[in-house]
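Letter 106 of the sequence shown, counting from 1, is numbered 280 in this note's numbering, and no numbers are missing.
The C-beta atom is built at its ideal place from N, Cα and C for all residues, glycine as well.
None of the values given here were measured: they were computed from a predicted structure.
First up is the structure itself, then whatever we jot down about it.
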Amino acid sequence: MLNNYLDYLVFIDKKLEKFFNKQKDYIFCKKGCGLCCQNAQFPYSKIEMQYLFLGAKELPKEIFDKIEANIEKILKNKKDFKGEKFVYDCPFLIDNVCSVYDFRGIICRSFGLMSIIQGTDKKNQVPFCYAKGLNYSNVIDPETKQVSAEKFKLTGIEEEPLAFNVSYDFLTGKDFEEAFKFEFGEKKPLIDWFSI
C-alpha cells in the first residue's frame, strides 16, 4: 500500500509544482523561513505518518535526538494545556529547516498556495504568511484578506493570482484513495500520533 501512496505523492507533487510555478510571482517561500511549521496542529493521516517515520529513521542520530526532545517537550506542554486548541511548532523543524522535507505530509506540501474554500461564502483562503509580507502579500487587501484588483493591477504581473483546490480534506479524500488504491487511514494532529 505504501508504494501506491508513493505513486500518489508523485502525482500530487507534479500538480503542486505546476500550481506553484504558475503563481511564482506571488510565492515568497524560502528555506529557513519556517513560519508554516510553527504555531499550528498539522493534520496527518496514518499513511503519512508511516512515510514520515521512514524518513526519520534515515536521519543522523543528533537530529533524531533533537526531534525526540521536541516531541517530549510538546507532549508535556499539551498535558499542561488548559485552553481549547493546542498549537505547537512542528517537532521536525530543526534550526528553521524541515529535517524530513522529502517525507513531509500533504499539508506541508500544499501550504503557501491560495486555496479554494468549499461550502462557505468566503472566496478563497490565503496563506497566513501574507500578513508577514510573504505569499500573495503583493496582491492581498489586509482588510478583506482577498485579492485586491487594484493591487494586482499595480504589480504589472500578467499571470493573475489564482486559488486552487488544495485543501487538506480534498487532497486526502476518498477520490484519491480509490484512484491510487490505498487508504489514508485515521487523521489527527501530528503530535497526537506520539501520545500514549
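Specify the secondary structure class of residue i as computed by DSSP and reduced to three states.
| i | result |
| --- | --- |
| Met-138 | Outside the displayed range of the chain (175 to 370) lies residue 138, so it cannot be described from this structure. |
| Ile-237 | helix |
| Cys-272 | strand |
| Gln-320 | strand |
| Tyr-342 | helix |
| Leu-157 | The chain is shown only over 175 to 370; residue 157 falls outside these bounds and no answer can be derived. |
| Asn-312 | coil |
| Tyr-262 | strand |
| Asn-298 | strand |
Could you give the first and the last residue of the continuous beta strand (DSSP E) run that contains residue i?
| i | result |
| --- | --- |
| Tyr-218 | 217–219 |
From residue i to residue j, what does the alpha carbon distance come to, in whole angstroms?
| i | j | result |
| --- | --- | --- |
| Lys-361 | Phe-344 | 13 Å |
| Glu-258 | Lys-252 | 11 Å |
| Glu-317 | Lys-297 | 14 Å |
| Asp-187 | Arg-283 | 8 Å |
| Phe-302 | Tyr-275 | 21 Å |
| Phe-260 | Gln-212 | 12 Å |
| Cys-272 | Phe-266 | 6 Å |
| Lys-205 | Tyr-304 | 17 Å |
| Tyr-218 | Ile-281 | 8 Å |
| Asn-195 | Lys-256 | 42 Å |
| Met-175 | Asp-263 | 30 Å |
| Asp-366 | Leu-190 | 27 Å |
| Asn-245 | Leu-226 | A small fix is needed here, since residue 245 is Ile in this sequence, not Asn. In a straight line, the C-alpha of Ile-245 is about 14 Å away from that of Leu-226. |
| Leu-336 | Gln-197 | 7 Å |
| Phe-350 | Asn-339 | 13 Å |
| Ala-243 | Leu-308 | 30 Å |
| Gly-279 | Leu-183 | 10 Å |
Between which two residues does the alpha helix (DSSP H) harbouring residue i extend?
| i | result |
| --- | --- |
| Lys-361 | Counting along the chain, Lys-361 falls outside any alpha helix (DSSP H), though it belongs to the beta strand (DSSP E) covering 361–363. |
| Thr-329 | 323–329 |
| Ala-305 | Counting along the chain, Ala-305 falls outside any alpha helix (DSSP H), and DSSP gives it neither H nor E. |
| Ile-186 | 176–196 |
| Phe-354 | 348–354 |
Assuming residue i and residue j make a contact with CB atoms under 8 Å, what is their CB distance in whole Å?
| i | j | result |
| --- | --- | --- |
| Asn-178 | Lys-327 | Their Cβ separation, rounded to whole angstroms, is 45 Å, which puts Asn-178 and Lys-327 out of contact at 8 Å. |
| Glu-333 | Asp-199 | 6 Å |
| Ser-322 | Ser-289 | Wrong, their Cβ atoms sit about 18 Å apart, outside the cutoff. |
| Gly-359 | Ile-241 | At roughly 22 Å, the Cβ-Cβ gap does not stay under 8 Å, so Gly-359 and Ile-241 are not in contact. |
| Cys-210 | Phe-285 | 5 Å |
| Leu-364 | Phe-216 | 4 Å |
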